[in-house]
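Take the sequence shown: its letters are residues 37 to 189, numbered as in this note's numbering.
Don't be surprised by glycine CBs; every beta carbon is placed ideally from N, CA and C.
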Amino acid sequence: MPHSNNTLFAVGYAQTYFYRESSVEEATVNGINNLAKSVSTRIKGERGFKDTKFGPEFAGEFFKEELEGGVLDFVKKNHKVIATETVGDITLVLLSTGEAPTLSSAKGFDKKAPEWVSKLPKKPGFVYAVGQSSPQFHEEETWQLAEYNARVG
């Protein structure tokens, strides 16, 4: 999770609606949940196999993320919206806990992909995960599913 001087950051995603406020509100709720999940989440899961004459055969799996109520309440009370941006059909909100300056979105997004996309930073004590998703009808659902797969996968 991105952090700086005891401040944590997360991004929330939402579909871009006709009323921008609705998009920002939904993205903020998503960001609050992402921030809380990054702080503390419990992952419960099960995988099923059945015996066949050729050996065990995968039958299915189920995973569930559970947020601790206290963490979610803390993030809800202490989050700050740092920046919002609409890119095509997706609205993004950058959130933080702690003191972080509000950013202007006048610059927009840099078209060049950051280096960490292809080369993970080597910092001790950090855990990095990669998640993928097949394309969904709404772009933000693709991003959310990829994040879920990175956390649970």
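Asked, Found
"Per-residue DSSP class, three states only, for K112", "helix"
"8 Å Cβ cutoff met for T120 and V111", "no"
"Candidates S132, Q168, I68 and E177: closest to A186 by CA position", "Q168"
"CB of N70 within 8 Å of CB of V47, strictly", "yes"
"Local conformation of T178 per DSSP, three classes", "helix"
"Buried versus exposed call for N66 [16 or more other C-beta atoms within 10 Å across all chains shown]", "buried"
"The ligand MN heavy atom lying under 7 Å from the CB of G161", "What this structure holds is no ligand at all, so the ligand MN is not there to describe."
"Nearest-angstrom beta carbon gap, S76 and E104 [assumed within contact, 8 Å]", "5 Å"
"Proximal residues to K95 (C-beta, below 7 Å), its chain only, five neighbours per side dropped", "Before going further, note that residue 95 is Ala rather than Lys in the sequence given. Correct list, in chain order: G84, F85 and K86."
"E82, enclosing alpha helix (DSSP H) - first and last residue", "Not the alpha helix (DSSP H): E82 falls in the beta strand (DSSP E), residues T77 to T88."
"For K148: DSSP bridge partner residues", "Partner(s): none; K148 has no beta bridge."
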